[in-house]
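Colleague:
Protein chains in written order, with this note's numbering: chain B, 11 to 179; chain S, -8 to 280.
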């Protein structure tokens, strides 16, 4: 049997330590060890993007990474978007524009959109669709997700809300 | 899906990684981007006893021009290629290729070296590297070997790499003036493997005739295919419509697709013919730009 290994991962600003089997997938570490169940397991085969999180500032599919690979790294999950009890403009946008129906893909959609807006605060519709191309939604037809991201881009633009964003590299 | 248990090793240097490879032999696998290996482990198609994670080895991630080559480090991610101004400006064929691989999250992890070392004919970079005449630099216990891409792909999931070797760098000859290239892929949806893909890279002489031409095919055989007949036909000829169309036909003759969920073999041959025509036309348009 493989030996367990000690890992330390900063999840949404809080240090989590655990002894894990090397084969533990990152998504199971997040859900079962850190207790953060916002990150979903969808297809479990690197397609759907429901498990998307940010690892050291880059989006990854946490079903296709081992938890030991995140040792010493910073993670942002959907739970880290809300700051001081206030929804992130992206979360507001998904609510206001009906960017979700069943909601299963939403955590991954939010993280991919968050990464997109960090890199490109004024994306075109095409850039938004490209930015979320690794996330599948089987309810909305994507139209309202695009609108939700546009809503957030506008809001962040007007309000100078950048300060409210979690401080992740 | 839970992969089989394994021991996890995280070397800090290449020699350390090679020592692990020697120690554990066929039981060991290199973990680089992991975007092919981890899914295979979850399906239990791969069951390595030891995973050697090379992601913390420093100095292996770079894109630079040096000594007449574009040099890409063994840990350089697809996203880095996609976002590199140098690649965008001078190597559009590589930009074309990187941006159609899987999806943004996968490209943040996946590496060019892994895309080649995996030896999957459905991967996109092999065709492009065949078109560009690239070299793969492999480091092993005896030192460095430079492997020409033409001989790199042996058969399905098998390359020239020995079990105790690591890809440290990919070298692409800097294209001379009057060169252009393009990669075109038909996929059913974002993230799917190619139904077929074609990479074309051409260099013209002062008269406008083809001096150098490379054509590579994706996912139409047991290995990535170098469309030798089409290349030979075009050498010394003008890139006019008739010659480009004829090259497309010859590339289709070189393709050996099989029928599967992505389409019947005949359809894929037709696709290679048309994609070759379009890739050559786009490569031609890009010359001098």
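Idealized CB from N, CA, C, for every residue including glycine.
Which one or two residues does DSSP pair with residue 183(B) in a beta bridge?
Modeller: Because chain B spans 11 through 179 in this model, residue 183(B) falls outside it and cannot be assessed.
Colleague: Taking all protein chains shown into account, decide if residue 113(B) is buried (16 or more other Cβ within 10 angstroms of its Cβ) or exposed.
Modeller: The residue in question, residue 113(B), is exposed, as its Cβ has fewer than 16 Cβ neighbours within 10 Å.
Colleague: Would you tell me roughly how many angstroms separate the C-alpha atoms of residue 74(S) and residue 12(S), rounded to the nearest one?
Modeller: Between residue 74(S) and residue 12(S), the C-alpha separation is close to 33 Å.
Colleague: Taking the alpha-carbon of residue 167(B) as reference, which of 133(B), 70(B), 77(B), 20(B) has the nearest alpha-carbon?
Modeller: Of the candidates 133(B), 70(B), 77(B), 20(B), the one whose C-alpha sits nearest the C-alpha of residue 167(B) is 133(B).
Colleague: Put residue 283(S) into one of helix, strand or coil per three-state DSSP.
Modeller: No information on residue 283(S) is available, as it lies outside the stretch -8 to 280 that chain S covers here.
Colleague: Kindly indicate if chain S contains any beta-carbon less than 8 Å away from that of residue 31(B).
Modeller: Yes, because at least one Cβ of chain S sits closer than 8 Å to the Cβ of residue 31(B).
Colleague: Check the C-beta distance from residue 32(B) over to residue 15(B) and give it rounded, since I have them as a contact under 8 Å.
Modeller: Going by Cβ atoms, the distance from residue 32(B) to residue 15(B) rounds to 6 Å, so yes, they are a contact pair.
Colleague: Run through chain S and tell me which residues come within less than 9 Å of residue 141(B), C-beta to C-beta.
Modeller: Those are 95, listed as they occur along chain S.
Colleague: Below 8 Å CB to CB, which residues in the same chain sit around residue 106(B) once its five sequence neighbours on both sides are set aside?
Modeller: Excluding sequence neighbours, residue 106(B) sits near 158, 161.
Colleague: For residue 108(S) versus residue 146(S), is the C-beta distance shorter than 8 Å?
Modeller: Cβ atoms of residue 108(S) and residue 146(S): not closer than 8 Å.
Colleague: Is DSSP giving residue 159(S) helix, strand or coil here?
Modeller: Looking at residue 159(S) - three-state DSSP - the assignment turns out to be strand.
Colleague: Which same chain residues end up closer than 6 Å to residue 93(S) when comparing Cβ atoms and leaving out the 5 residues on each side of it in sequence?
Modeller: Cβ within range, chain order: 182.
Colleague: Quick one: what does DSSP say residue 231(S) is sitting in, helix, strand or coil?
Modeller: Coil, per DSSP.
Colleague: Assess contact between the segment 56 to 66 of chain B and the segment 74 to 92 of chain S, defined as three or more Cβ pairs (one per stretch) separated by less than 8 Å. Is contact present?
Modeller: These segments do not touch.
Colleague: Out of 125(S), 172(S), 171(S), state which residue places its alpha-carbon closest to the alpha-carbon of residue 163(S).
Modeller: For the residues 125(S), 172(S), 171(S), the minimum Cα distance to residue 163(S) belongs to 125(S).
Colleague: How about residue 31(B): is its Cβ closer than 7 Å to a heavy atom in the ligand GDP?
Modeller: As for the ligand GDP, it is missing from this structure, which has no ligand bound.
Colleague: Do you know whose CA, among 117(B), 34(B), 92(B), lies nearest residue 58(B)'s CA?
Modeller: Residue 117(B) is the option with its Cα nearest to residue 58(B).
Colleague: Once the 5 residues before and after residue 212(S) are set aside, which same chain residues still bring their CB inside 8 Å of it?
Modeller: Contacts found: 112, 246, 247, 248.
Colleague: Any beta carbon from chain B within less than 8 Å of residue 30(S)'s own beta carbon?
Modeller: Yes - at least one Cβ of chain B is within 8 Å of the one on residue 30(S).
Colleague: With a 10 Å radius around its C-beta and 16 neighbouring C-beta atoms as the bar for buried, classify residue 116(S) as buried or exposed.
Modeller: Residue 116(S) comes out buried.
Colleague: Find out if the Cβ-Cβ distance for the pair residue 77(B), residue 30(B) is shorter than 8 Å.
Modeller: Their beta carbons are under 8 Å apart, which means residue 77(B) touches residue 30(B) by this criterion.
Colleague: Suppose the cutoff is 8 Å on Cβ atoms and the five residues either side in sequence are ignored; what does the same chain contact list for residue 111(B) look like?
Modeller: So the qualifying residues of the chain are 149, 150.
Colleague: Just to confirm the assignment, what range does the alpha helix (DSSP H) spanning residue 97(S) have?
Modeller: It spans 95 to 100 - the alpha helix (DSSP H) in which residue 97(S) sits, taken as one unbroken run.
Colleague: Can residue 41(S) and residue 7(S) be called in contact, C-beta distance under 8 Å?
Modeller: Contact flag unset, no.
Colleague: Residues of chain B with CB under 8 Å from residue 46(S), in chain order?
Modeller: Per Cβ cutoff of 8 Å: 79.
Colleague: When we look at the beta-carbon of residue 168(S) and count the other beta-carbons within 10 Å, is it buried (16 or more) or exposed?
Modeller: Result: exposed.
Colleague: Report the residue from 242(S), 17(S), 252(S) whose alpha carbon sits nearest the alpha carbon of residue 269(S).
Modeller: Closest by alpha carbon: 242(S).
Colleague: Tell me the residue span of the beta strand (DSSP E) that contains residue 62(S).
Modeller: Where residue 62(S) is concerned, the enclosing beta strand (DSSP E) stretches over 60 to 64.
Colleague: What ranges does the alpha helix (DSSP H) occupy inside the segment 13 to 54 of chain S, keeping only unbroken runs of at least 4 residues that lie completely in it?
Modeller: Whole alpha helix (DSSP H) segments, 4+ residues: 28 to 33.
Colleague: Tell me which residues share the same chain as residue 86(S) and place their Cβ nearer than 6 Å to its Cβ, disregarding the 5 neighbours each side in the sequence.
Modeller: The residues are 78, 79.
Colleague: If you reduce the DSSP assignment to three classes, tell me which class residue -7(S) lands in.
Modeller: The answer is coil: DSSP assigns residue -7(S) none of H, G, I, E or B.
Colleague: When we look at the beta-carbon of residue 179(S) and count the other beta-carbons within 10 Å, is it buried (16 or more) or exposed?
Modeller: So residue 179(S) ends up on the exposed side.
Colleague: Give me the residue from 103(B), 123(B), 13(B), 119(B) with the minimum Cα distance to residue 165(B).
Modeller: Nearest of 103(B), 123(B), 13(B), 119(B) to residue 165(B), Cα basis: 103(B).
Colleague: Once the 5 residues before and after residue 127(S) are set aside, which same chain residues still bring their CB inside 7 Å of it?
Modeller: Contacts found: 107, 138, 140, 143, 158, 161.
Colleague: Rounded to whole angstroms, what's the CA-CA distance from residue 47(B) to residue 122(B)? Just pull it up for me.
Modeller: Spanning the two alpha carbons is a distance of roughly 17 Å.
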